[in-house]
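Heads up: the sequence shown begins at 32 in the numbering used here, then just goes up one per residue.
Okay, structure first, notes after.
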Amino acid sequence: MNNTSVTSAPRTNNDLLQRIINLERNELVTIEYMERNTQELETEIDPDNNFFSSINNNCNYCSQEQYNKNINSEGSLSIIHFNSRSMYTNFNSIKEYLQCFTYPFSIIAISETWFNRDKGIHFDLDDYELKYMNRENKMGGGVALYIHKSIQFMVVMNMSLAIDEVMECLTVEICNSKKKNVIISCVYRSPGSSMETFNEWMEKLFSETNKKKTFICGDYNIDLLNPTKQKNIDVFTDTMYSMSLYPTITKPSRITSHSATIIDNIFTNNMADQTISGLLICDITDHLPVFTVYVSEFKKINEDRIIYNKRIRTEETIKAFSNGLMLQDWSSIYREIDVDRAYNNFLDIFVSLYDHHCPVKEYRKNNKNTKCPWLTRGILNACKKKNNLYKMFIKLQTKEAEHRYKVYKNKLTDVIRNSKKLYYKKVLYVNKNNIKGTWYILNSLIKQESTKIIYPDYFIDKNGENHNLNDIVNSFNNFFVNVGPNLAAKIPDQEIDVLNGVIKRNQHSIFLSATNEQEVKIIVHKCKNKLSTDCHDVDMALVKKVINNISKPLTYICYLSFQTGCVPSKMKIAKVIPLYKNDNKHNLTNYRPISLLPQFSKILEKLFNSRLEKFIDKYQIINEGQYGFRTKRTTSMAIIEATEEITNALDRKEHTVGIFMDLKKAFDTINHPILINKLEHYGIRGVAGNWLKSYLSERVQYVQMGQIISRNLDVACGVPQGSVLGPRLFNLYINDIFDVSTILKLILFADDTNIFYSSNNYNELINTVNGELSKIKKWMDSNKLSLNLNKTKVMIFGNCKNVSELQIKIDGVQIENVNENKFLGVIMDNKLSWKAHIRHIRTKISKTLSIINKVKQFLDQNALRTLYCSLVLPYFTYCVEVWGNNYQSSIYPLVILQKRAVRIIHKAGFLEHSNILFFQSKLLKIHDLIKYYTIQILFKAFNRLLPSNLQKYFTVRERAYSLRGYGNFILPKVRTTRKSFCVSVCGVKMWNGLDLQHKQCPNIHRFKSLYKQLVWSQYREGGA
């Protein structure tokens, strides 16, 4: 062997492949010899004189190519079992391996999944539904089943369990319309566990399944060869035989250089019908995959050809469409004074030209997954040789054969990694100016869940299982439309005027000024390039490309709408897509609606919204305590106000109670007549009031699932989901809740309602809060808003000895008292230590870093930095000015994580100094991030850009320009440490320490840039 050829660095992957092949040229065992002895493999490994031979004599070893050639599983129930030895490690390998089979398996069983909820369980396979059973009190183990979407099934709960230190079992029942149902189970027995206990559980679980066809696959960690003649193994086989369950795998599934054992198997009671079973030569783990094919009349999984409709949208066709619009005569629109007819004419012309130039055509495509693009022909040939070496190792079971196989495999792994790295480097370079393309590539690497919306073949409604998709879409539409009315119907009617003495009537009325082409174009160009299509199959990306040629007729329609106070009917049609949330995919209630409104209606809404926003701000209609969907207001500002209120009370040695309310489907339950009356009081009357009445009335929606569309249904209440105006109207609807109680402190972010009250007398605190909450509950009932009492929580802040006696009640129901609660995305605790939130984001960041660390070998530094800024940095920065100003010991775990992240970006060593890495990446350390975001609040306070509720906490010293200390804030005197961590204290210290250049920045963008440059210069000096 030429050692020089091994150690010298190859120029290309093909050079390395050639050298690997040359290494084997003079080996005594050649590929030709291995091919000649393939048939011997199936006979020599088979143990002699065992009782399995007479039961199943068609169990053989085969390669993937042999399986595709010799076994036709179309129309049969095909099952494959993998021992994955951690899905976190081997999921992608299993996924790629399965892609190369001619027909997809009906069931994919996995043992030793090692699923961990803290790490996340995102292992979706396209066209499959995942079910799993995890260990409860110990790492490792676990079983899972992937069931193909064409198969109707249900989980058998009384046969699915996890028993500590014994086993995990997951069972489903496959519904077969042609014959009896089939039971499929996946079992994993913990090694070293009690065989007696395991046998007892197997008998309990499967003793009654003999009436149905049963297949039990898994890793039993019981060697059925039983070379040492252990009695407990005989007891296990006798137990299985007594239940008419026989093993289909009769040859070793785990083979090493010193042993061969049958520990992976598929047991079945189906000995009369034809089954084909065997083991696949695959080296993903040290357990060979086992399979069985039950030849029966099951629904065919025919995925070779898929018919789908697609528009021809190329640069040429869109350009032709745009030219057609430019040459179009729009006079028929300008002649109309009825906005409905004008818009209908416009839409007819637009859609007609769109269909002409960008027609919808029917396509047929192979749905087989394409092989990975980095696997060149040379690499594929090398993979075949690696598989042949693995076959030979299984046959010979010698150290020499094992060494030969492993050396070749390791070198081939390096070749594949280099090829994959070069591939991603190339495609990222090609898409360097295309953000969407870049993220598509990065997502293909980091995301393991399916990106397609896949619906099961049946759903469960009030009548049971429903397999008719036409009925299902209508059931979804009925469910979504009636959510609001059903909740409102449960609220008892209140015989009071909800506006009486609550809302002060505004004497001024809004005026709808006319629009122009320039305003319409600006609004369209500010919209995002979304590709989601509306009910007319139009998306915003298309509108942006042709807006210059339709702006004139569109402007006329918007002008006509504002003049007449009428919204075109076809702008009020919502296309709804059901999106799966969690739990059972077959249950309608586990889906949420995604509403897609007409693109042109969004333009009209934005025009109205800009006028409404100016009117609201001019007359200060919305209360300062509302932070949701308002310009220059953020969630962090709402949390800052809450913490300032609480710490002020604690500094005064008072008790503080926080009530965190949860409203059910608040946007869907808005009562239209009540909303219109409130708007009239606020000054939105006349033509604008009529316009909003028209906007809210006669709205319809339909549900679309794939190509199936439901009938239209009227929307009786609520504001349109996904609309521009919806959040603004909700703020106006709920605004008068601030006037219900003059005692309580309310902080809202849209429907997220949070109430605080402080007092130095504990009994007075409880009595006052209970009394005021009854008023708020009555207000909610009057306004048809439904309060979820089970999710509403109460928390008392500070060192209170009577926490257990705290009894806050709403409608006679005692609210649960908690020590921690999520408040606008941040976990707040009753000590304001933020330990729970820091622990939460530490877990999130650790999981994300594990993903980035896994793909770093395929990505360059810029791509890794992009992943860090998108997946990790948001956890560090979200409301960091609130929870980040804390003890050094509390933040230290995040410091360690961030250093680990920046070393991953640079592929640096564990002990490499991080200062220079932060400088090179142009990233801020966590402590500097805290200062960076905190001091921005002070910049806004100095320039009086904060809401008045926050501005009051900051007072500028009165000093002349030339004197020292210009621009400084007065530092408040505080008693408690927690108060000193508030922005109003620590932020003032940071600001007062800044030089004059920073304080006099003309805008916040310049301020942020200067501050970053200052910090990075310190990194460079420290890391030099």
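Beta carbons are placed, not taken as given, at the ideal position from N, Cα and C, and that holds for glycine.
Computed from a predicted structure; not experimentally measured.
Look at Ser288 and Thr469 and say whether their C-beta atoms are less than 8 Å apart.
-> Taking the first residue of the sequence shown as 1, we reach residue 288 at position 257. Taking the first residue of the sequence shown as 1, we reach residue 469 at position 438. No, the pair does not count as a contact, with Cβ atoms beyond the cut-off.
Work out the CA separation of Val746 and Arg623 for me, nearest whole Å.
-> Taking the sequence shown and counting its residues from 1, one reaches residue 623 at position 592. Taking the sequence shown and counting its residues from 1, one reaches residue 746 at position 715. C-alpha separation (whole angstroms): 16 Å.
Would you report the Cα separation of Ile707 and Leu727, rounded to the nearest angstrom?
-> Indexing the sequence shown from 1 puts residue 707 at position 676. Indexing the sequence shown from 1 puts residue 727 at position 696. Straight-line Cα distance between these residues: approximately 9 Å.
Pick from Arg896, Tyr590, Ile178: whose alpha carbon is nearest that of Asp369?
-> Taking the first residue of the sequence shown as 1, we reach residue 369 at position 338. Closest by alpha carbon: Tyr590.
The stretch 137 to 154 touching the stretch 875 to 888, judged by at least three CB pairs closer than 8 Å = yes
Met164: buried (16+ other C-beta within 10 angstroms of its C-beta) or exposed?
-> Translated into the one-based positions of the sequence shown, residue 164 becomes position 133. Result: buried.
Leaving out the 5 sequence neighbours to the left and right, which residues in its chain are closer than 6 Å to Glu63 when beta-carbon positions are compared?
-> Residue numbering aside, residue 63 sits at position 32 when the sequence shown is read from its first letter. With a pLDDT of 41 at Glu63, under the threshold of 50, the predicted position of this residue should be treated as unreliable, and no value is reported.
Coarse secondary structure for Met271, derived from DSSP in three states | The residue you call residue 271 lines up with position 240 of the sequence shown. Looking at Met271 - three-state DSSP - the assignment turns out to be helix.
Residue burial classification, Thr546 (beta-carbon count within 10 angstroms, cutoff 16) = Walking along the sequence shown from the start, residue 546 turns up at place 515. Buried is the label assigned to Thr546, since at least 16 other Cβ atoms lie within 10 Å of its Cβ.
C-beta atoms of Phe136 and Met118 nearer than 8 Å = Taking the sequence shown and counting its residues from 1, one reaches residue 136 at position 105. Taking the sequence shown and counting its residues from 1, one reaches residue 118 at position 87. Contact check for Phe136 against Met118 fails: the beta carbons are separated by 8 Å or more.
Outcome for Glu160 when other beta-carbon atoms lying within 10 angstroms are tallied against a minimum of 16 = Taking the sequence shown and counting its residues from 1, the one referred to as residue 160 is at position 129. Classification of Glu160: buried, given that the 10 Å Cβ count is 16 or more.
Start and end of the alpha helix (DSSP H) containing Cys589?
-> Translated into positions along the sequence shown, residue 589 becomes position 558. Counting along the chain, the alpha helix (DSSP H) containing Cys589 begins and ends at 571 to 595.
Cβ shell of Leu837 (< 6 Å), same chain only, five flanking positions each side left out = Here residue 837 refers to the residue found at position 806 when the sequence shown is read from its first residue. Excluding residues within five positions, the ones whose Cβ falls inside 6 Å are Ile827, Asn848.
Where do the N-terminal and C-terminal ends of the alpha helix (DSSP H) with Leu948 fall, by residue?
-> Numbered from its first residue, the sequence shown carries residue 948 at position 917. Taken as a continuous stretch (DSSP letters only), the alpha helix (DSSP H) holding Leu948 covers 946 to 952.
Whole angstroms is fine: what's the gap from Leu1045's alpha carbon to Glu795's?
-> Locating residue 1045 in the sequence shown gives position 1014, counting from the first residue. Locating residue 795 in the sequence shown gives position 764, counting from the first residue. When rounded, the distance between both Cα atoms is 51 Å.
Would the stretch 736 to 753 and the stretch 511 to 522 be scored as touching if the rule is three or more Cβ pairs under 8 Å?
-> Yes: at least three Cβ pairs fall under 8 Å.
Asp445 - containing alpha helix (DSSP H), residue span = Indexing the sequence shown from 1 puts residue 445 at position 414. Counting along the chain, the alpha helix (DSSP H) containing Asp445 begins and ends at 430 to 461.
Which class does Pro624 belong to by DSSP, given the choice of helix, strand or coil?
-> As a working mapping, residue 624 is identified with position 593 in the sequence shown. Strand at Pro624.
Length of the line joining the Cα atoms of Phe854 and Lys162 | The residue you call residue 854 lines up with position 823 of the sequence shown. The residue you call residue 162 lines up with position 131 of the sequence shown. Separation of Phe854 and Lys162 (C-alpha to C-alpha, rounded to the nearest whole angstrom) is 32 Å.
Minimum C-alpha distance to Met170 - residue among Gln845, Glu143, Ile869, Lys180 = In the sequence shown, residue 170 corresponds to position 139, counting from 1. Ranking Gln845, Glu143, Ile869, Lys180 by Cα distance to Met170 puts Glu143 first.
Counting only runs of 4+ residues fully inside the stretch 195 to 244, write out the alpha helix (DSSP H) ranges in chain order.
-> Here the runs fully enclosed are 226 to 237.
Can you tell which of Ile715, Asp565, Lys575 has the C-alpha that lies nearest to the C-alpha of Ile554?
-> Within the sequence shown, residue 554 is the residue found at index 523, counting from 1. When only C-alpha atoms are compared, the closest one is Lys575.
Would you mind stating whether Phe639 and Trp722 have Cβ atoms separated by less than 8 Å?
-> Walking along the sequence shown from the start, residue 639 turns up at place 608. Walking along the sequence shown from the start, residue 722 turns up at place 691. Their beta carbons are under 8 Å apart, which means Phe639 touches Trp722 by this criterion.
Simplified DSSP assignment, three categories, for Cys248 = Here residue 248 corresponds to residue number 217 of the sequence shown, with the count starting at 1. Three-state result, Cys248: strand.
Of the listed residues Asn301, Lys601, Ala939, nearest to Tyr374 (C-alpha basis) | Against the sequence shown, residue 374 aligns to sequence position 343. Checking every option, the nearest Cα to that of Tyr374 belongs to Lys601.
Along the beta strand (DSSP E) that carries Ser142, what are the first and last residues, could you check?
-> Taking the sequence shown and counting its residues from 1, one reaches residue 142 at position 111. 138 to 142 is the extent of the beta strand (DSSP E) around Ser142.
Would you give the residue range spanned by the alpha helix (DSSP H) that Gly409 belongs to?
-> Residue 409 sits at position 378 when you count from the first residue of the sequence shown. Here the alpha helix (DSSP H) through Gly409 covers 408 to 427.
Three-state class that DSSP yields for Cys93 in the structure shown = Residue mapping note: residue 93 aligns to position 62 of the sequence shown, counting from 1. DSSP, reduced to helix, strand and coil, places Cys93 within a strand of the structure shown.
Quickly, what does DSSP pair Lys606 with across the bridge? List them, please.
-> Translated into the one-based positions of the sequence shown, residue 606 becomes position 575. According to DSSP, Lys606 bridges with Leu627, Tyr733.
Closest by CA to Leu358, which one among Ile447, Ile936, Asn580?
-> As a working mapping, residue 358 is identified with position 327 in the sequence shown. When each option's Cα is compared against that of Leu358, the closest is Asn580.
Assign Phe889 to one of three DSSP states: helix, strand, or coil.
-> Residue mapping note: residue 889 aligns to position 858 of the sequence shown, counting from 1. Reduced to three states, the DSSP call for Phe889 is helix.
Count the other C-beta atoms from every protein chain shown that fall within 10 angstroms of the C-beta of Phe542, then say buried if there are 16 or more, exposed otherwise.
-> On the sequence shown, position 511 is the one that residue 542 refers to. Classification for Phe542: exposed.
Close Cβ partners of Thr564 (< 6 Å) along its chain, the five nearest in sequence each way excluded = As a first step, residue 564 must be located in the sequence shown, where it is residue number 533. Closer than 6 Å at Cβ, skipping near neighbours: Asp570.
Using the Cα positions of Ile797 and Gln919, report the straight-line distance between them to the nearest angstrom.
-> For this step, residue 797 is matched to residue 766 along the sequence shown. For this step, residue 919 is matched to residue 888 along the sequence shown. Roughly 36 Å separates the two Cα atoms.
Go ahead and label Leu411 buried or exposed: buried means 16 or more other beta carbons lie within 10 angstroms of its beta carbon, across all protein chains shown.
-> Counted from its first residue, the sequence shown places residue 411 at position 380. That one is exposed.
Does the stretch 778 to 790 come close enough to the stretch 681 to 691 that 3 or more CB-CB pairs lie under 8 Å?
-> yes
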